[in-house]
Amino acid sequence: DSDSFPPPEMLEQDLAEKADVVESIKIANEFQTALENGELSLHYQPIIDLTRGNVVGFEALMRWIHPEKGFISPGVFIPIAEKNGLIVQASRWALGESCRALRRIEARVGADREMYMSVNFSSTDFASENFIDHLYNIISESDVLPTQVRLEITERLLIQQPDNAKAMLQMCKDAGMGIAIDDFGTGYSSLSYLYYFPIDTLKVDQSFVRAMQRDEKSLELVKSIVGLGKNMKMSIIAEGVETVEEARLLQDMGCDKVQGYYFAKPMPEKDVIEFLRNYQPIKLRA
Ligand code: C2E
Ligand code: MG
Ligand code: MG
Ligand code: MG
């Protein structure tokens with residue numbers, strides 16, 4: 128009844144939270160096994176330059192197929208792996224594997240050192256021991272050029288470890304790697320960090336791209352980000368482009384690069400080779 132305390136709905140919420148905690152501990156343990164047993168794989172999503180219509184690179188995205196549970200979303204397991212530190216091992220694997228895949232893909236389609244691989248890194252990676260040495264070693268062993276590697280980081284890293292991040296990103300940049308801010312606009316830091324850190328690419332978060340057509344403010348926001356990036360001589364990639372209308376809008380505002388289901392979904396290496404072999408330069412207008 129209404130006098131009981133805690134109210135039943137509060138108890139329910141409590142139980143749900145406990146179940147979540149139990150589930151994340153399970154996932155944390157199982158992720159370790161996944162790493163050891165090769166349950167992880169990578170999908171690659173093409174990044175397209177609208178001015179020339181060609182594929183300039185790919186983003187490597189981690190996939191986990193659990194033997195019993197099947198597909199587990201990176202949105203679920205990545206934050207858990209970041210918390211318990213297993214992401215460090217997973218990221219090293221992802222960097223090496225995606226760079227080797229890029230070399231194999233280039234060999235199969237007859238491209239040489241023309242495309243890049245963009246790999247996601249978390250603040251846990253940047254706080255890990257000898258992170259930069261590992262990066263250098265993995266890249267040189269995989270035989271891609273450092274200029275073919277782009278690090279995707281979030282604003283969170285820049286806020287959490289400003290000095291550490293600045294020094295490390297500068298080393299990466301000096302070695303030739305590109306540095307992209309992922310999900311740009313969703314963080315809550317000040318814009319001054321665009322001057323402070325050596326950033327060359329902004330990835331406009333897909334939530335803004337999604338809202339652009341129905342919401343004038345989102346449209347203006349995307350325009351402002353594109354303008355800001357261009358003024359600072361950065362490259363802009365719009366994420367999550369799902370329709371030709373969105374692509375045209377972005378092209379009209381001067382956004383040079385896009386990524387999204389309208390162009391291609393993330394796919395395994397063998398499909399990338401097929402995709403590139405059949406690829407016709409994108410034309411958004413007749
Ligand atoms: P992200 O780095 O922002 O990656 C883009 C996400 O948007 C990917 O989700 C991709 O599949 C999805 N996407 C691409 N185009 C479209 C589209 O047109 N529409 C929609 N609705 N979605 C689109 P995914 O693969 O589920 O990854 C989610 C997030 O998990 C990533 O967001 C990234 O933050 C993280 N993640 C994935 N792989 C890795 C990894 O290897 N390392 C780390 N640290 N994080 C990763
Ligand atoms: Mg990303
Ligand atoms: Mg993103
Ligand atoms: Mg994201």
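Under UniProt numbering, think of the first position of the sequence shown as 128, with each following residue one higher.
Note that the Cβ used here is the ideal one computed from N, Cα and C, for glycine as well.
Mark residue i as exposed unless 16 or more other C-beta atoms lie within 10 angstroms of its C-beta, in which case mark it buried.
{"i": "Gln407", "result": "exposed"}
{"i": "Gln340", "result": "exposed"}
{"i": "Pro134", "result": "exposed"}
{"i": "Leu297", "result": "Checking the sequence shown, residue 297 turns out to be Gln, not Leu. Looking at its Cβ environment, which holds fewer than 16 other Cβ atoms inside 10 Å, Gln297 is exposed."}
{"i": "Met192", "result": "Note that residue 192 is Ile in the sequence shown, not Met. Classification of Ile192: exposed, given that the 10 Å Cβ count is below 16."}
{"i": "Asp141", "result": "exposed"}
{"i": "Asn164", "result": "exposed"}
{"i": "residue 426", "result": "For residue 426 there is no data in the structure shown, the boundaries of the chain being 128 and 413."}
{"i": "Arg375", "result": "exposed"}
{"i": "Asp147", "result": "exposed"}
{"i": "Arg277", "result": "buried"}
{"i": "Leu318", "result": "exposed"}
{"i": "Lys145", "result": "exposed"}
{"i": "Thr178", "result": "exposed"}
{"i": "Ile152", "result": "exposed"}
{"i": "Val182", "result": "buried"}
{"i": "Asn247", "result": "buried"}
{"i": "Ser131", "result": "exposed"}
{"i": "Gly184", "result": "buried"}
{"i": "Pro173", "result": "buried"}
{"i": "Pro194", "result": "exposed"}
Under the three-state reduction of DSSP, which class applies to residue i: helix, strand or coil?
{"i": "Val246", "result": "strand"}
{"i": "Arg337", "result": "helix"}
{"i": "Gln159", "result": "helix"}
{"i": "Asp373", "result": "It should be noted that the sequence gives Glu, not Asp, for residue 373. In this structure, Glu373 counts as helix in the three-state DSSP scheme."}
{"i": "Ser351", "result": "helix"}
{"i": "Leu177", "result": "coil"}
{"i": "Val385", "result": "strand"}
{"i": "Leu167", "result": "strand"}
{"i": "Gln378", "result": "helix"}
{"i": "Gln140", "result": "helix"}
Just reading off the beta strand (DSSP E) that residue i is part of, what are its end residues?
{"i": "Val331", "result": "328-331"}
{"i": "Val182", "result": "182-193"}
{"i": "Gly197", "result": "197-199"}
{"i": "Ala365", "result": "362-365"}
What are the start and end residues of the alpha helix (DSSP H) that includes residue i?
{"i": "Ser225", "result": "214-236"}
{"i": "Ile400", "result": "396-404"}
Give a yes or no on contact between the segment 263-277 and the segment 206-217, applying the rule of three or more CB pairs nearer than 8 Å. no
Could you give the uninterrupted runs of the beta strand (DSSP E) lying entirely in the segment 257-322, keeping only those of 3 residues or more? Listed in chain order, they are 276-280, 305-311.
Could you check whether the segment 368-381 touches the segment 149-162, counting it as contact only if at least three pairs of C-beta atoms, one from each stretch, sit closer than 8 Å? no
Between the segment 293-310 and the segment 336-351, can you find at least three pairs of beta-carbon atoms closer than 8 Å? Touching, no.
Are the segment 355-366 and the segment 395-404 touching, with three or more C-beta to C-beta distances below 8 Å? No, the segment 355-366 is not in contact with the segment 395-404.
Counting beta carbon pairs with one atom in the segment 376-393 and one in the segment 262-271, are three or more of them shorter than 8 Å? Too few Cβ pairs lie closer than 8 Å, so no.
Check whether the segment 318-330 and the segment 286-300 touch, using three or more Cβ-Cβ pairs below 8 Å as the test. yes
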